[in-house]
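S.K.: full-length UniProt numbering numbers the first residue of the sequence shown as 1 and each following residue consecutively. Using N, Cα and C, we set each Cβ at its ideal position, and we do this for glycine too. Note that the coordinates shown come from a computational prediction; the quantities given were computed from them, not determined experimentally. Okay, handing you the structure first.
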Amino acid sequence: MSEAYDSAWRASIDNPAAFWGEAAQAIDWFTPPAATWDDAEGWYAGGTLNTAWNCLDRHVAAGRGDALALCYDSPVTDVVQQFTYAQLLEETGRVAAMLTRLGVGKGDRVIIYMPMIPQTVFAMLACARLGAVHSVVFGGFAPLELAKRIDDAQPKVLLTASCGIEGARTIAYKPMVDEALELARHAVHDIVVFQRDRLPADLGDTRDHDWEMLRAATAADPVPECVPVAAADPLYILYTSGTTGTPKGVVRENGGHAVALAWSMANIYGIGAGDPFWAASDVGWVVGHSYIVYAPLLVGATTVLFEGKPIGTPDPGTFWRVMTRHRVKTFFTAPTAIRAVRKEDPDATFLKEIGTGDCRAIFLAGERADPDTIAWLEEKSGLPVIDHWWQTELGWPAIASCFALGDLRRRRGSAGFPVPGFEFAILGEDGQPVPAGESGAVTIKAPLPPGAFRTLWNNQAGFDKNFTTFPGYYETGDAGHFDADGFLNIMGRTDDIINVAGHRLSTGQMEQIVAAQDGVAECAVIGADDPIKAMVPVAFVVARAGAGSEADLAGRVIAAVRHELGAVAALKTAYVVPQLPKTRSGKILRNLLRTIVNGGAYTTPPTIEDPAVPALIEAAVRP
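This is the structure we're talking about:
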């Protein structure tokens, strides 16, 4: 055990006010907090700050204006750009001036519907500078889903681009924005469009503004000063799927967010001023908010903004090429991205040729990392591969091996240990802790640490529901267990614990077995309805190149699960499919698989990366 980790975790639990009070010293406050924690006002009550100041202005004021802040690497357009802190401050200031001209001020909402380009980062930081609340929605999201977010957030301005580039596809954004605005009840008065050379958009009436023309028109306007906001004031709203089909707007507060992210960079990832850090995610996800935009800039690091895919842009060597080009010190991606690379390059030929440069560790998150994928990546890269776990609601890692605290204990299949600030409990249906090794509901003792959500936008009742099943504890919705050595294992969503003829079985455990079979690139196991056993497991497998016949692979998968778990597992069906349905962050849409297997009606989810995949799954299930 790492003494530094153990000491930090224990201090954070025994005296959280002292622990997080000390951590807050890493942030510049306009007004120091009167209290570290207040039951009514939350973290850092009475304190005022500005997140953009902490990300940009203070570094320039400290003489680091020439330090590299942002590296934009776009293999889909063959463009690489770099911005120093002074340049990023200038670009952010110009967008803030544009927004000010359009009447945006403190507390106003701005929707950002843009691709992975520098202007998206400028826009997020500009909103933070003004004290406005941004809500980033994936560029290319379905118009109806965008309309729902417009109606909930009621933005004054919507920022977009003419198109996004998704691998080989170019997606026109402006027509989808126009359709969303027709569907929405709330009227947005100003739309600003950044024109991309690949596919410029036709602009309409006086509501539409050309980004560069508006920038030129406001060139003489002063750069707005950073607006002081209360620690509890919202920085952004990030919508995540709700159980009712209505998106949940997770609210992130300025104060706790800044403190938690700065602490995590120093103590989990080992990143400080001048260190290059790369999170290969999208700013539409919480990972992109936290670890592409805010956390690296808060500590004065260099962040990489990547517009591309792990494969096909142009090949499975893209990750290693970008990593070495920018001398990345710590790399963060999703397990599904590594599985995609492995499927295309099982012998890691590109990795051997290109190398990993200055990288010291690779972190994985976004879904459960199967042990086989971790083993392959560690073997081929020679680096520690650290799975860790968190959620949109939490905003930053809650389970990890704190690399920078000297804790490199890892166990494949586990996300590690509770991060300082998070006190976990594995509870049974009766609300009591279950014995070590037994699976139960993964919960976190309240109050949650800084950076975690304290409300949902316009939906306090929805927020409160997270604490009703187990009073005093936040219900994560995941199932898992502590093993005998204290490693915390997240086995999947609570509804992925299936009841087969009275036996509670983890589909995550089955996936672990399936993924370890030779020839399996990636997989998912879901519970299908069964008239006799209530539920039975069904496996979906994507084959690696050279895996042999589909029938042989399916047979080996079924035999392996039966061998390791026994006949009670009842896995008798395995479909070999060309792809799994996934979100753009790499999460497998297991509910969609379950619906298709059960023969239910479904609509293609707006979060899906490839809308053609459900039809491919149906063809395999019902040929």
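Would Pro247 pass as a contact of Tyr236 if the rule is Cβ separation under 8 Å?
M.R.: Against a cut-off of 8 Å, the Cβ pair of Tyr236 and Pro247 comes out as no contact.
S.K.: Assign Ser7 to one of two classes, buried (16 or more other C-beta atoms within 10 Å of its C-beta) or exposed (fewer than that).
M.R.: Exposed, because fewer than 16 other Cβ atoms sit within 10 Å of the Cβ of Ser7.
S.K.: Between Val538 and the ligand MG, is there a pair consisting of the residue's CB and a ligand heavy atom that are separated by less than 7 Å?
M.R.: Here there are no bound small molecules, and the ligand MG is not part of this structure.
S.K.: Within this structure, are the beta carbons of Lys148 and Ser162 separated by less than 8 Å?
M.R.: No, the pair does not count as a contact, with Cβ atoms beyond the cut-off.
S.K.: What's the gap between the Cα of Tyr5 and the Cα of Thr443?
M.R.: Each residue's Cα considered, the two are about 21 Å apart.
S.K.: Are the beta-carbon atoms belonging to Gly437 and Ala400 less than 8 Å from one another?
M.R.: No, the pair does not count as a contact, with Cβ atoms beyond the cut-off.
S.K.: Excluding the 5 residues flanking Thr243 on each side, which residues of the same chain have their C-beta closer than 7 Å to its C-beta?
M.R.: Annotation note: pLDDT 48 at Thr243 (below 50); position unreliable, no value reported.
S.K.: Which whole-angstrom value describes the C-beta separation of Ala569 and Val557, a residue pair presumed to lie in contact below a C-beta threshold of 8 Å?
M.R.: Between Val557 and Ala569 the Cβ distance is about 12 Å, and since that is not below 8 Å, they are no contact.
S.K.: Do the segment 258 to 274 and the segment 83 to 92 meet, that is, are 3 or more Cβ pairs less than 8 Å apart?
M.R.: Contact between the segment 258 to 274 and the segment 83 to 92 is absent, because fewer than three Cβ pairs lie under 8 Å.
S.K.: Quick check on Met323: buried or exposed, where buried means 16 or more other Cβ atoms within 10 Å of its Cβ?
M.R.: It is buried - the Cβ of Met323 has at least 16 other Cβ atoms within 10 Å.
S.K.: Under a Cβ-count criterion, where at least 16 other Cβ atoms within 10 Å of its own Cβ denotes burial, should Ile311 be classed as buried or exposed?
M.R.: Per the 10 Å Cβ criterion, buried.
S.K.: Can you tell me whether Gly527 is helix, strand or coil according to DSSP?
M.R.: DSSP places Gly527 in strand when its eight states are reduced to three.
S.K.: Out of curiosity, what's the CA-to-CA distance linking Gly46 and Thr469?
M.R.: Between Gly46 and Thr469, the C-alpha separation is close to 32 Å.
S.K.: How many angstroms separate the CA atom of Ala524 from the CA atom of Gly140?
M.R.: Rounded to the nearest angstrom, the two C-alpha atoms are 26 Å apart.
S.K.: Considering only C-alpha positions, which residue in the set Ala128, Val286, Val328, Arg411 is nearest to Asn489?
M.R.: With distances taken between Cα atoms, Asn489 lies closest to Arg411.
S.K.: Note down the Cα distance separating Glu564 from Gln432, rounded to an integer number of angstroms.
M.R.: The straight-line gap from Cα to Cα measures roughly 30 Å.
S.K.: To the nearest angstrom, how far is the alpha carbon of residue 637 from that of Phe306?
M.R.: Absent from the structure is residue 637, since the part of the chain shown begins at 1 and ends at 623.
S.K.: Tell whether a beta-carbon distance below 8 Å holds between Phe363 and Ala280.
M.R.: No; because the gap between Cβ atoms is not below 8 Å, this pair is not in contact.
S.K.: How about residue 626 and Gly249: do their beta carbons lie closer than 8 Å?
M.R.: Given that the chain is displayed from residue 1 to residue 623, the structure contains no residue 626 and the question cannot be resolved.
S.K.: Would Gln509 be called buried (16 or more neighbouring beta carbons within 10 Å of its own) or exposed?
M.R.: Buried, because 16 or more other Cβ atoms sit within 10 Å of the Cβ of Gln509.
S.K.: Quick check on the burial criterion: 16 or more other C-beta atoms within 10 angstroms. Buried or exposed for Pro614?
M.R.: Pro614 comes out buried.
S.K.: If you draw a straight line from the alpha carbon of Asp205 to that of Glu182, how long is it in whole angstroms?
M.R.: Approximately 14 Å, taken between the alpha carbons.
S.K.: Skipping 5 residues on each side, what residues in its chain have a beta carbon closer than 8 Å to that of Val60?
M.R.: Cβ within range, chain order: Tyr85, Ala86, Leu89.
S.K.: Pick out the complete beta strand (DSSP E) segments inside the segment 391 to 479, 3 residues or longer, and give them in chain order.
M.R.: Taking only runs of at least 3 residues, the beta strand (DSSP E) segments lying wholly in the segment 391 to 479 are 424 to 427, 440 to 445.
S.K.: How far does the beta strand (DSSP E) with residue 627 in it extend, from its first residue to its last?
M.R.: It is not possible to answer for residue 627, since the shown part of the chain is limited to 1 through 623.
S.K.: How should Met535 be labelled, buried or exposed, when 16 other C-beta atoms within 10 angstroms of its C-beta is the threshold for buried?
M.R.: That one is buried.
S.K.: Pull up the distance between the alpha-carbon of Leu580 and that of Phe422, whole angstroms please.
M.R.: Taking the straight line from one Cα to the other gives about 33 Å.
S.K.: What would DSSP say about Ser359, mapped onto helix, strand or coil?
M.R.: What sits at residue 359 in the sequence shown is Cys, not Ser. In this structure, Cys359 counts as coil in the three-state DSSP scheme.
S.K.: Can you say whether Ser549 is buried or exposed, counting buried as having 16 or more other CB atoms within 10 angstroms of its CB?
M.R.: Classification of Ser549: exposed, given that the 10 Å Cβ count is below 16.
S.K.: Buried or exposed: where does Glu609 fall if 16 or more other Cβ atoms within 10 Å of its Cβ makes it buried?
M.R.: When all chains shown are included, Glu609 counts as buried.
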